[in-house]
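Number of protein chains: 2
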Amino acid sequence: MTSLQDNLFKTLSDPTRRAIFERLCREGEQTVGALTLHAGVSQPAVSKHLALLRQAGLVRDRHEGRQTHYRADLTALGPLVDWAREMAGFWEARFDDLEDLLKRMDQ
Amino acid sequence: MTSLQDNLFKTLSDPTRRAIFERLCREGEQTVGALTLHAGVSQPAVSKHLALLRQAGLVRDRHEGRQTHYRADLTALGPLVDWAREMAGFWEARFDDLEDLLKRMDQ
DNA sequence: TTTACCCATAACTCATTGGTTATGGGTTTG
DNA sequence: CAAACCCATAACCAATGAGTTATGGGTAAA
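Taken in order, these protein sequences are the chains called A and B.
All you need for the numbering used here is the position in the first sequence, starting with 1, plus 1343.
All you need for the numbering used here is the position in the second sequence, starting with 1, plus 1343.
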């Protein structure tokens, strides 16, 4: 019964972890060390966050020598957007005044 | 420092709570009692979930006699969708930068 | 080879939180 | 008025999880 959204929401609900993901989105591939410099927590903490992000499919890792490079995988956000769209769909079927949200989602 | 997304992700990360929200999206306004029937947890648990959903702006309540009606407010999902779009935007921007750079290197 | 470095895992602590039962305020019903 | 009902809050408990320090495996550097 554990849905796809479960892992995504849980994984992104922690601010530190989400910040790591955001940084990977903004600045592209980063090593664990580089991420640790700006994370505000210890290196093991960063490693654990990265492991969870990887388990959720939000990042991929690449080993090069003694360092590991991580990069964001945006396609994993699909189910999240789909979920929001589905919820909006149910809602829109009943009422009609959220043009605002739908516009932002449809673009 | 606590962003808008913080509350949204945290609030939606619990499966029971998200199921309550989804039900309100699907079936419209519901009383606490009706929600409790399908929530699989006790009535106080449902009340606490609803309080958190309300705090996140995801639901609104309406008092009528001795029962309280809750309904979903989808506009609260806006920041979540915006965030996903922003992340995808960063990703595309980097990609464009790369293409731009490669193009300049070619000539 | 020895040393230094990068990262992941283990072991543990502490705070958070989702669950429970108990209870009370407010509202209908008998 | 009395009783039943709906919901929210209080108080408590157990599990989860995010953080730490310690450590080890693997790779580059001296």
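All residues carry an ideal CB built from backbone N, CA and C; glycine is no exception.
{"Asked": "Just the C-alpha distance for residue 1450 (chain B) and residue 1430 (chain A), rounded to the nearest angstrom, thanks.", "Found": "With a pLDDT of only 48 at residue 1450 (chain B), under 50, the local geometry of the prediction cannot be trusted, and no value is derived from it."}
{"Asked": "Pairs of beta-carbons, one from the region 1346 to 1354 of chain B and one from the region 1354 to 1364 of chain A, closer than 8 Å: are there three or more?", "Found": "yes"}
{"Asked": "Quick one: grab the DSSP three-state call for residue 1450 (chain B).", "Found": "Caution applies to residue 1450 (chain B), whose pLDDT of 48 falls short of 50 and renders its modelled position unreliable; the model cannot decide the point."}
{"Asked": "What's the C-alpha gap between residue 1401 (chain A) and residue 1424 (chain B)?", "Found": "16 Å"}
{"Asked": "Could you tell me if residue 1373 (chain B) is buried or exposed, where buried requires 16 or more neighbouring beta carbons within 10 angstroms of its beta carbon?", "Found": "buried"}
{"Asked": "Can you give the Cα-Cα distance for residue 1357 (chain A) and residue 1419 (chain A), rounded to whole angstroms?", "Found": "17 Å"}
{"Asked": "Looking at chain A, is there any beta carbon in it that lies within less than 7 Å of the beta carbon of residue 1450 (chain B)?", "Found": "Note on residue 1450 (chain B): pLDDT 48, under 50, position unreliable in the model; the coordinate value appears next. Chain A, which has no Cβ nearer than 7 Å to the Cβ of residue 1450 (chain B), makes this no."}
{"Asked": "Determine the burial state of residue 1353 (chain A): buried for a count of at least 16 other Cβ atoms within 10 Å of its Cβ, exposed for fewer.", "Found": "buried"}
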